[in-house]
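Just so we're aligned: 165 in numbering that gives the first Met the number 0 is position 166 of the sequence shown, and the numbers increase by one with no gaps anywhere. Beta carbons are placed, not taken as given, at the ideal position from N, Cα and C, and that holds for glycine.
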Amino acid sequence: MSDPYIQELFAERIGGNQYGKSTAIYKFEKIKRAKKAATESKPDLPLIDMGVGEPDAMAFPIVVDALTEAAYLPENRGYADNGGDNFKKAAADYMKEVFKVDSIDPETEVIHSIGSKTALTMFPACFINPGDYVLMTTPGYPVLGTHAQYYGGHVHNLPLKAENNFLPDLESIPEDILKKAKILVINYPNNPTGASATLEFFEKAVAFAKANELIIIQDAAYASLIFEGDPLSIFQVEGAKDVAVELHSLSKSFNMTGWRIGFVVGNPLLVKAYGDMKDNSDSGQFLAIQSAAAVALKNPIITQTIANKYSRRMDHLVEALKGNGFSVSKPKGSFFLYVKSPKSAEINGEVVNFETGEDFSQWLITNELISTVPWDDCGHFVRFSVTFTAPSESEETSIIEEINRRLSQYTFQF
Ligand SMILES: Cc1ncc(COP(=O)(O)O)c(C=O)c1O
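1) Are the beta-carbon atoms belonging to residue 381 and residue 371 less than 8 Å from one another?
2) In chain order, what residues of the same chain have a beta carbon less than 7 Å from the beta carbon of residue 346, not counting five sequence neighbours either side?
3) Looking at ligand 1, does it come within less than 7 Å of residue 115, judged from the CB to the closest heavy atom?
4) Would you tell me roughly how many angstroms separate the C-alpha atoms of residue 415 and residue 73, rounded to the nearest one?
5) Please return the same chain residues whose Cβ sits closer than 6 Å to the Cβ of residue 93, not counting the five positions on each side in sequence.
6) Helix, strand or coil for residue 332, going by three-state DSSP, please let me know.
7) Please classify residue 195 as buried or exposed, where buried requires at least 16 other C-beta atoms within 10 Å of its C-beta.
8) Quick one: what does DSSP say residue 250 is sitting in, helix, strand or coil?
9) Mind checking if residue 27 is an interface residue toward chain B, Cβ cutoff 8 Å exclusive?
10) Compute the Euclidean distance between the alpha carbons of residue 200 and residue 223, then round it to the nearest angstrom.
11) How is the alpha helix (DSSP H) around residue 55 delimited, first residue to last?
12) I think residue 66 touches residue 301, with their Cβ atoms under 8 Å apart; what is that distance to the nearest whole Å?
13) Spatial neighbours of residue 259 within its chain, please: CB distance less than 6 Å, with the 5 preceding and 5 following residues excluded, ordered by chain position.
14) For residue 15 and residue 5, what's the separation of their Cα atoms in angstroms?
15) So what's residue 160 in DSSP terms, helix, strand or just coil?
16) Within 10 Å of its beta-carbon, does residue 218 have 16 or more other beta-carbons around it, so buried, or fewer, so exposed?
17) Along the chain, which unbroken stretches of the alpha helix (DSSP H) at least 4 residues long are found entirely within the region 205 to 276?
18) So is residue 19 buried or exposed if we call it buried at 16+ other beta carbons inside 10 Å?
19) Under the three-state reduction of DSSP, which class applies to residue 128: helix, strand or coil?
20) At 4 residues or longer, what runs of the alpha helix (DSSP H) sit wholly inside the region 26 to 111?
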């Protein structure tokens with residue numbers, strides 16, 4: 000039992016003296032509870048988890064071996080701070096090899112991150128004063144916006160709509176908000192829509208940022224997980240480095256989510272400011288992890304192997320959903336399939352209606368033990384991730400066949 004005065008000490012940004020008292024249940028908790036209830040009530044039906052946002056497989060042996068070796072080296076034992084020259088150089092080389100961006104100076108234009116998530120928390124600390132705005136796409140990964148609000152900033156949401164290929168309409172931002180805006184956050188390939196950007200969109204975004212004195216943070220967590228076309232970096236746009244940084248991560252592209260390693264690359268002043276904030280927040284990622292991550296970056300074939308797996312799974316999933324009346328098309332990258340939720344499902348003359356993606360997602364878990372993540376921020380959708388656990392191709396096929404078998408009992412209306 001805590002002393003009662005502790006309750007009075009909490010900052011307003013996390014709820015003040017009401018902290019911890021809310022009874023609201025958040026999306027991911029609802030999913031967790033529904034999964035638990037469903038597996039208890041139907042113990043014979045295996046749960047198919049299409050809701051997981053991280054790889055189902057381990058880092059590749061070449062990377063694990065590199066970590067083992069590097070962990071034994073005495074020179075790797077101490078605080079890394081913002082250092083790790085080997086990794087910085089590997090990151091700059093990776094930008095050249097994978098994205099054909101050859102102008103990155105590893106000394107001044109790259110600093111590692113302990114995952115992109117932490118980098119997203121640090122940029123608001125560098126830029127946001129009370130009353131400032133960040134421009135964020137919605138639905139999306141909310142971390143930067145949450146931290147901007149911690150500093151008294153505001154978030155202006157840019158809706159991602161199917162009719163605009165899930166790209167934001169930059170012209171829609173009201174003039175008064177634009178004047179107070181400092182950061183434009185974009186994320187392509189996108190979580191959760193799976194959409195990819197185009198070079199034209201990046202060009203437009205860079206021109207827009209310059210015209211309106213914004214910085215751009217392009218969250219590139221899925222940038223090299225590509226099924227179609229070439230990997231895209233904002234730095235393929237001439238002059239992008241004047242205003243932008245890109246946040247790369249090894250979490251998804253190298254199956255290294257738990258390793259906590261990525262990098263911030265781009266405009267040297269932005270990288271420096273991030274570095275200063277980082278210096279005051281952490282003491283750097285273990286140099287042995289950085290060293291193993293450098294080995295990963297030197298082997299982009301790893302990402303291609305992972306992307307091939309997701310691509311194959313995506314083909315099967317798209318086919319199964321289409322066969323059941325869903326209107327879906329394969330994304331060009333990421334591991335997310337963003338699916339418009341049906342209005343109803345009918346079985347033996349009985350009809351169940353869905354108002355929202357959440358209704359559909361909860362129904363799907365409860366009745367058919369298929370877990371997805373609902374998104375109702377802008378239309379009604381559910382997100383399938385092809386990161387479900389399946390150690391072999393034949394297991395992948397049988398999981399998708401099982402999804403098809405479960406769905407085909409129903410007639411869906413859209
Ligand atoms: C869009 C997006 N950005 C950033 C992250 C965080 O990645 P990291 O593991 O590099 O912190 C995620 C993870 O799910 C993500 O989906």
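Taking the structure as given:
1) Here residue 381 refers to the residue found at position 382 when the sequence shown is read from its first residue. Here residue 371 refers to the residue found at position 372 when the sequence shown is read from its first residue. Going by C-beta atoms, residue 381 is nearer than 8 Å to residue 371.
2) Locating residue 346 in the sequence shown gives position 347, where the first residue counts as 1. Cβ within range, chain order: 408, 409.
3) For the purposes of this step, residue 115 is taken as residue 116 along the sequence shown, with counting starting at 1. Yes; taking the cut-off as 7 Å, the Cβ of residue 115 has a heavy atom of ligand 1 nearer than that.
4) Any property of residue 415 remains undetermined from this structure, which presents the chain solely from 0 to 413.
5) Walking along the sequence shown from the start, residue 93 turns up at place 94. So the list reads 296, once near-sequence residues are dropped.
6) Your numbering for residue 332 matches position 333 in the sequence shown. Three-state DSSP puts residue 332 in a strand.
7) If you number the sequence shown from 1, residue 195 lands on position 196. Burial call: buried.
8) Within the sequence shown, the letter at position 251 stands for residue 250. Residue 250 falls in the helix class under three-state DSSP.
9) This model lacks chain B altogether; it includes just one protein chain.
10) To locate residue 200, count along the sequence shown from 1; it is residue 201. To locate residue 223, count along the sequence shown from 1; it is residue 224. Roughly 18 Å between the two C-alpha positions.
11) Locating residue 55 in the sequence shown gives position 56, where the first residue counts as 1. Unbroken run through residue 55: none, as it is neither H nor E.
12) Your numbering for residue 66 matches position 67 in the sequence shown. Your numbering for residue 301 matches position 302 in the sequence shown. At roughly 14 Å, the Cβ-Cβ gap does not stay under 8 Å, so residue 66 and residue 301 are not in contact.
13) For this step, residue 259 is matched to residue 260 along the sequence shown. So the list reads 113, 114, once near-sequence residues are dropped.
14) On the sequence shown, residue 15 is found 16 positions in, with the first residue counted as 1. On the sequence shown, residue 5 is found 6 positions in, with the first residue counted as 1. Between residue 15 and residue 5, the C-alpha separation is close to 10 Å.
15) Start at 1 with the first residue of the sequence shown, and residue 160 comes out as number 161. Of the three classes helix, strand and coil, the one that applies to residue 160 here is coil, per DSSP.
16) Here the question's residue 218 lines up with position 219 in the sequence shown. Result: buried.
17) 249 to 252
18) As a first step, residue 19 must be located in the sequence shown, where it is residue number 20. Looking at its Cβ environment, which holds fewer than 16 other Cβ atoms inside 10 Å, residue 19 is exposed.
19) Locating residue 128 in the sequence shown gives position 129, where the first residue counts as 1. In the structure shown, residue 128 sits in coil (DSSP, three-state: anything other than H, G, I, E or B).
20) 26 to 40, 60 to 70, 84 to 98
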